[in-house]
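Quick notes on the structure that follows.
Residue numbers (our numbering), protein chains in the order written: chain A, 483 to 786; chain B, 483 to 786.
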């Protein structure tokens, strides 16, 4: 069976009842609610769903509708950039589907978001219709307030679906398809966010750092945080990112306090981190008891 | 469903056809053959099985019978200590069973080994009937040849099942129950095995080191190796052992070259290593996509 993940980001991270209501609206047969993360500083929630194609698309559409009912962007403040009540919705292939299948889902949902809710939609990453829309940062430039001013007059900001005006309270939504992304943050033992920003610049690909790493420095819980998206942990493993941040931090006389994974991480990414940190020779996941057992069972019971 | 692992050790590590025949004898419904490791220096094979209670006991019994047919201990030479054609058989709880359940299996199989094959059996570890039989080294003292001479005259060597005489060619077998054990070796970038021995003494519990760690220094592939058994990776995680060996090695001006896992490792032990090396906050295995998905599916489809 095809299994797709979707991780809608909603611009509400403080009012638990509203986030609950949005999650509840997305509950339906064939869709699993895997994770829910509220961040008060970001004033943003990230909900992780997985499911079959049709059910997942409908669940996401209902969530976007509920968010438009409950969130008013004209009153929204938070440290994380955003342009919409439902800010961004990626579709991610997990099992039995391609990235292009997910891009097709993004297009279908995008058209429907405009039709049902009159919220304009931009397509990004693998669903992008123009090279300058591949990167979310570009699409989100100026945030809600900037887009609101510019959308009607700047042809570059014409949405992929809908008319060139933001929804008055729900803004616009960015929908797309991408590979599995690990949201990984590292806290430093300093409140000096400038150090986190400098480290972010060294680490991220866009300013000459590691491939498949996006990074920014943020103040979180009174600490400097290097906030990252790892877009391909096969090519740039988590352990390598961690070691680079740690050694860069040391250059500023600062230490890593802790790190956190926001949302979920694929099993293989963590296994690779263990293999790397323990310097395991010829490590592969077949040395793991449970994997060996699953393989043995699959081999013995092919039709179950 | 209850799932138990068993790791019978057979005293044949050179003749592939014989090891194949023993493995083949253990093949039956409800039993998975997870791993097979032949060592010519040790002249010993280690076969890892998992299965349900009754099927696994019968499989192990058949393997012991086949080994008695094929292996003649009076002609066996190897660097690893042994007292029987089937030398040692641990039962290990994996899912839905306790250590005491496994001890019960050991007793039942022990009685049956004597009944079917007239091979005397000693119980060890959690199935031991006397404190001096908890440790395998004690039970195996003097090896096959020493036991053959002593068994009838020394009351301390009276078997737990059977009469006080070894089987003329198959010797005696040690059967018991223990927790999952991780065989973990660390290579140093030196050929000076004395350094590995010193580190082993610092690391292992018996000389004042970490709980649940057994260690010795060995020369392997021209390198000094700290060869370890980790008998409880929940209490003493692999990452802690690795870090201690690494920092002790540095005291001798030596570095860790690599490490290796022999056989299998439980998923949780590796996940913990990743969490620890990445300094992950509040890490637990539920952040892993595949685990979350399995849990969500089990919750939604309880009767499948």
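Even for Gly, the Cβ is constructed at its ideal location relative to N, Cα and C.
Residues of chain B with a CB under 7 angstroms from the CB of residue 734(A): which are they?
Simply none; closest approach about 18 angstroms.
Could you tell me whether any Cβ in chain A is nearer than 8 angstroms to the Cβ of residue 809(B)?
Absent from the model: residue 809(B). The displayed extent of chain B is 483 to 786, so no value can be given.
Put residue 717(A) into one of helix, strand or coil per three-state DSSP.
If DSSP states are grouped into helix, strand and coil, residue 717(A) belongs with coil.
Considering Cα atoms alone, identify which of 669(A), 537(A), 539(A) and 635(A) is closest to residue 710(A).
669(A)
Using the rule of at least 16 other Cβ atoms within 10 Å of the residue's Cβ for burial, across every protein chain shown, is residue 483(B) buried or exposed?
Residue 483(B) is exposed by the Cβ-count criterion.
Starting from residue 666(B) and walking both ways along the beta strand (DSSP E), at which residues does that stretch end?
664-670
Taking the straight line between their C-alpha atoms, what separation do you get for residue 737(A) and residue 728(B)?
20 angstroms
Do residue 545(B) and residue 585(B) have their beta-carbon atoms positioned less than 8 angstroms apart in this structure?
Contact annotation: residue 585(B) and residue 545(B) have beta-carbon atoms that are not nearer than 8 angstroms.
For residue 495(A), count neighbouring Cβ atoms within 10 angstroms of its own Cβ and tell me buried if that reaches 16, exposed if not.
buried
Contact list for residue 612(B) against chain A, beta-carbon separation under 9 angstroms
In chain order: nothing, as chain A lies at least about 31 angstroms away.
Of all the CB atoms in chain B, is at least one closer than 8 angstroms to the CB of residue 438(A)?
Residue 438(A) lies beyond the residue range present for chain A, which begins at 483 and ends at 786; the question has no answer from this structure.
Does chain B have any CB closer than 8 angstroms to the CB of residue 756(A)?
Any Cβ of chain B closer than 8 angstroms to the Cβ of residue 756(A) would place that residue at the interface, and such an atom is present.
Is there a Cβ of chain B sitting closer than 8 angstroms to that of residue 606(A), yes or no?
Taking CB atoms only, residue 606(A) has no neighbour in chain B less than 8 angstroms away.
Indicate the three-state DSSP secondary structure (helix, strand or coil) for residue 518(B) in the structure shown.
Strand, per DSSP.
Residue 532(A), buried or exposed, once every other Cβ within 10 Å from all chains shown has been counted against 16:
Per the 10 Å Cβ criterion, buried.
Beta-carbon within less than 6 angstroms of residue 734(A)'s beta-carbon, same chain only, minus the 5 sequence neighbours each way: which residues are those?
677
Beta-bridge pairing of residue 649(B) - partner residues as DSSP gives them
653(B)
Considering Cα atoms alone, identify which of 759(A), 774(A) and 745(A) is closest to residue 742(B).
Answer by Cα proximity: 759(A).
Going straight from the alpha carbon of residue 428(B) to that of residue 576(B), what length do you get?
Within the shown structure, residues of chain B are numbered from 483 to 786, placing residue 428(B) beyond reach of any answer.
Residue 627(A): first and last residue of the uninterrupted beta strand (DSSP E) it sits in:
Residue 627(A) -> not in any beta strand (DSSP E); alpha helix (DSSP H) instead, spanning 625-632.
In whole angstroms, give me the CA-to-CA distance for residue 785(A) and residue 685(A).
Confidence is the limiting factor: at residue 785(A) the pLDDT is only 36, short of 50, which leaves the residue's position unreliable, though a coordinate-based value still follows. Rounded to whole angstroms, residue 785(A) to residue 685(A) spans 47 angstroms at the Cα level.
Here's a check: name, in chain order, each residue in its chain whose Cβ is nearer than 7 angstroms to the Cβ of residue 499(B), leaving out the five neighbours to either side.
none
Which complete beta strand (DSSP E) runs does the region 707-777 of chain A hold, if anything under 3 residues is left out?
738-744
Starting from residue 605(A), follow the beta strand (DSSP E) in both directions and report where the run begins and ends.
603-607 is the span of the beta strand (DSSP E), which, as asked, contains residue 605(A).
For a quick check, are the C-beta atoms of residue 658(B) and residue 609(B) less than 8 angstroms apart?
yes
Is residue 723(B) closer than 8 angstroms to residue 712(B) when the C-beta atoms are compared?
yes
Could you tell me if residue 647(A) is buried or exposed, where buried requires 16 or more neighbouring beta carbons within 10 angstroms of its beta carbon?
exposed
Inter-residue CB distance, residue 550(B) and residue 652(B) (contact presumed, cutoff 8 angstroms):
4 angstroms
Roughly how far, in whole angstroms, is the beta-carbon of residue 597(A) from the beta-carbon of residue 560(A), given that I think they are within contact range, below 8 angstroms?
The pair is not a contact, with the Cβ atoms about 29 angstroms apart (cut-off 8 angstroms).
With distances taken between CB atoms, is the gap from residue 720(A) to residue 682(A) smaller than 8 angstroms?
no
Excluding the five sequence neighbours on either side, which residues of its own chain have a C-beta within less than 6 angstroms of the C-beta of residue 834(B), listed in chain order?
Limits of chain B in this structure are 483 at one end and 786 at the other, which puts residue 834(B) out of reach.
Interface residues of chain A facing residue 752(B) [CB-CB closer than 7 angstroms]
Going along chain A in sequence order, the residues near residue 752(B) (Cβ under 7 angstroms) are 753, 756 and 770.
Cα-Cα separation between residue 547(A) and residue 571(A), rounded to whole angstroms:
13 angstroms
Taking residue 598(B) as the query, report the chain A residues whose CB atoms sit under 8 angstroms from its CB, ordered along the chain.
Per Cβ cutoff of 8 angstroms: no residues; residue 598(B) is ~26 angstroms from chain A at best.
Excluding sequence positions up to five away, which residues of its chain have a Cβ less than 7 angstroms from the Cβ of residue 621(A)?
Contacts found: 604, 606, 615 and 656.
Would the beta-carbon of residue 641(B) fall within 8 angstroms of that of residue 602(B)?
yes
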